[in-house]
């Protein structure tokens with residue numbers, strides 16, 4: 001299903017996007033050395049419910065997971081890049097933490113992810129990897145405009161990641177979003193220009209470049225959810241929800257705090 005939102009629905013999408021972004025901004029500030037991932041999950045739950053939002057994750061039970069997910073945010077540490085199930089783990093200095101959050105507000109969902117280093121240690125290679133996903137995300141957003149094809153966005157994203165020297169996995173990628181979290185079209189992190197669905201004003205997309213330092217292969221934890229690099233290398237993930245407008249693309253998941 002591909003949804004094209006009305007002006008009224010786009011207004012609600014902006015509210016959902018701001019909520020997601022503000023929660024992630026707050027959680028990043030709270031995620032210090034010694035913070036437990038389960039506390040992050042509870043903080044996310046409290047902020048979602050206080051704002052009148054609905055978690056897109058807690059009851060999420062797709063075919064590839066061992067569902068339902070049962071938590072309110074994905075927390076990936078170091079080699080965990082996607083669907084990180086919060087566990088009883090305390091963050092250490094230098095950990096690379098990815099927070100991925102999706103919330104439904106007034107019938108419209110927004111989805112965003114950030115990766116950052118916890119504590120005072122700032123490993124150069126990890127920072128470079130995070131920055132590469134952020135640059136790839138910007139490139140994908142710049143390519144998004146009415147009349148562009150999904151392949152144009154995928155090509156822009158993949159070009160940045162490949163030029164930075166990272167292998168690219170195309171199994172999991174960006175996606176359409178609207179009244180539900182995951183919709184068509186799929187937006188892989190590698191593609192051919194001029195191919196795929198043609199973008200229209202009112203379309204929402206969640207673009208999410210992610211990489212692993214030295215591999216494109218994933219392995220699933222025994223929890224049935226957490227996806228890690230098969231080599232144990234570090235990973236990074238950046239994501240924004242955008243709305244296609246008459247002029248280009250508007251980022252909905254920017255913090256307003």
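Residue numbers (UniProt numbering): 1 to 257.
We treat Cβ as the ideally placed atom computed from N, Cα and C, and that holds for glycine.
Original post:
Going by beta carbon distance, what residues of the same chain come within less than 7 Å of residue 33, once the five residues before and after it are set aside?
Top reply: By 1-based counting over the chain shown, the position of residue 33 is 33. Only 91, 92, 93, 118 and 119 meet the Cβ criterion.
**OP:** Please report the Cβ distance between residue 265 and residue 54, rounded to the nearest whole angstrom; I am assuming they are in contact, meaning their Cβ atoms lie under 8 Å.
**Re:** The structure shown does not extend to residue 265, since the chain is modelled only from 1 through 257, so no value can be given for it.
Original post:
Excluding sequence positions up to five away, which residues of its chain have a Cβ less than 8 Å from the Cβ of residue 137?
Top reply: For the purposes of this step, residue 137 is taken as residue 137 along the chain shown, with counting starting at 1. For residue 137, where only same-chain residues beyond five positions count, the Cβ hits under 8 Å are 157, 207, 208, 209, 238, 239 and 240.
Original post:
At which residue ranges does the segment 74–151 contain complete alpha helix (DSSP H) runs of 4 or more residues, listed in the order of the chain?
Top reply: Look at the segment 74–151 and you find these whole runs of alpha helix (DSSP H), each 4 residues long or longer: 124–143.
**OP:** Pair every Cβ in the segment 186–196 with every Cβ in the segment 169–176, then say whether three or more of these pairs are closer than 8 Å.
**Re:** yes
Subject >> 7 Å Cβ shell around residue 37 - same chain, five flanking residues per side excluded >> reply: For this step, residue 37 is matched to residue 37 along the chain shown. Cβ within range, chain order: 75, 86, 87 and 89.
**OP:** Return no unless some Cβ of chain D is closer than 8 Å to the Cβ of residue 238.
**Re:** Structure shown: chain D not included; a single protein chain is present.
**OP:** Would you check if the distance between the CB atom of residue 101 and the CB atom of residue 116 is smaller than 8 Å?
**Re:** As a working note, residue 101 is residue 101 in the chain shown. As a working note, residue 116 is residue 116 in the chain shown. Result no, Cβ atoms of residue 101 and residue 116 do not sit closer than 8 Å.
**OP:** Please go through the same chain and pick out, in chain order, the residues whose beta-carbon is closer than 8 Å to the beta-carbon of residue 162, but skip the five residues on each side of it.
**Re:** Along the chain shown, read from residue 1 onward, the residue named residue 162 stands at position 162. So the list reads 168 and 190, once near-sequence residues are dropped.
**OP:** Over the uninterrupted alpha helix (DSSP H) stretch that includes residue 43, give me the two end residues.
**Re:** The count along the chain shown starts at 1 and reaches residue 43 at position 43. Unbroken alpha helix (DSSP H) run through residue 43: 37–50.
Original post:
If you drop the 5 nearest sequence neighbours on each side, which residues of the same chain put their C-beta closer than 7 Å to that of residue 143?
Top reply: The residue you call residue 143 lines up with position 143 of the chain shown. 152, 153 and 156, listed in sequence order.
Original post:
Alpha carbon to alpha carbon, how far is residue 201 from residue 248?
Top reply: For this step, residue 201 is matched to residue 201 along the chain shown. For this step, residue 248 is matched to residue 248 along the chain shown. Spanning the two alpha carbons is a distance of roughly 8 Å.
**OP:** Check each candidate in 228, 211 and 219 and name the one with the smallest Cα separation from residue 160.
**Re:** As a first step, residue 160 must be located in the chain shown, where it is residue number 160. Of 228, 211 and 219, the residue nearest in Cα terms is 211.
**OP:** Look at the Cβ atom of residue 66, then the Cβ atom of residue 176, and state whether they are nearer than 8 Å.
**Re:** Here the question's residue 66 lines up with position 66 in the chain shown. Here the question's residue 176 lines up with position 176 in the chain shown. Going by C-beta atoms, residue 66 is not nearer than 8 Å to residue 176.
**OP:** Determine the direct distance from the alpha carbon of residue 56 to that of residue 71, and round the result to whole angstroms.
**Re:** Residue numbering aside, residue 71 sits at position 71 when the chain shown is read from its first letter. Residue numbering aside, residue 56 sits at position 56 when the chain shown is read from its first letter. Going by the C-alpha atoms only, they are around 10 Å apart.
**OP:** Taking residue 240 as part of the beta strand (DSSP E), name the residues at either end of that continuous run.
**Re:** As a first step, residue 240 must be located in the chain shown, where it is residue number 240. 240–244 is the extent of the beta strand (DSSP E) around residue 240.
Original post:
Straight-line CA distance for residue 59 to residue 232?
Top reply: For the purposes of this step, residue 59 is taken as the residue at position 59 of the chain shown. For the purposes of this step, residue 232 is taken as the residue at position 232 of the chain shown. If you take the alpha carbons of residue 59 and residue 232, they lie about 29 Å apart.
**OP:** Determine the direct distance from the alpha carbon of residue 130 to that of residue 122, and round the result to whole angstroms.
**Re:** As a first step, residue 122 must be located in the chain shown, where it is residue number 122. As a first step, residue 130 must be located in the chain shown, where it is residue number 130. Their backbone Cα atoms lie some 12 Å apart in a straight line.
Original post:
By how many angstroms is the C-alpha of residue 20 removed from the C-alpha of residue 257?
Top reply: Numbered from its first residue, the chain shown carries residue 257 at position 257. Numbered from its first residue, the chain shown carries residue 20 at position 20. Computed Cα separation, rounded: 12 Å.
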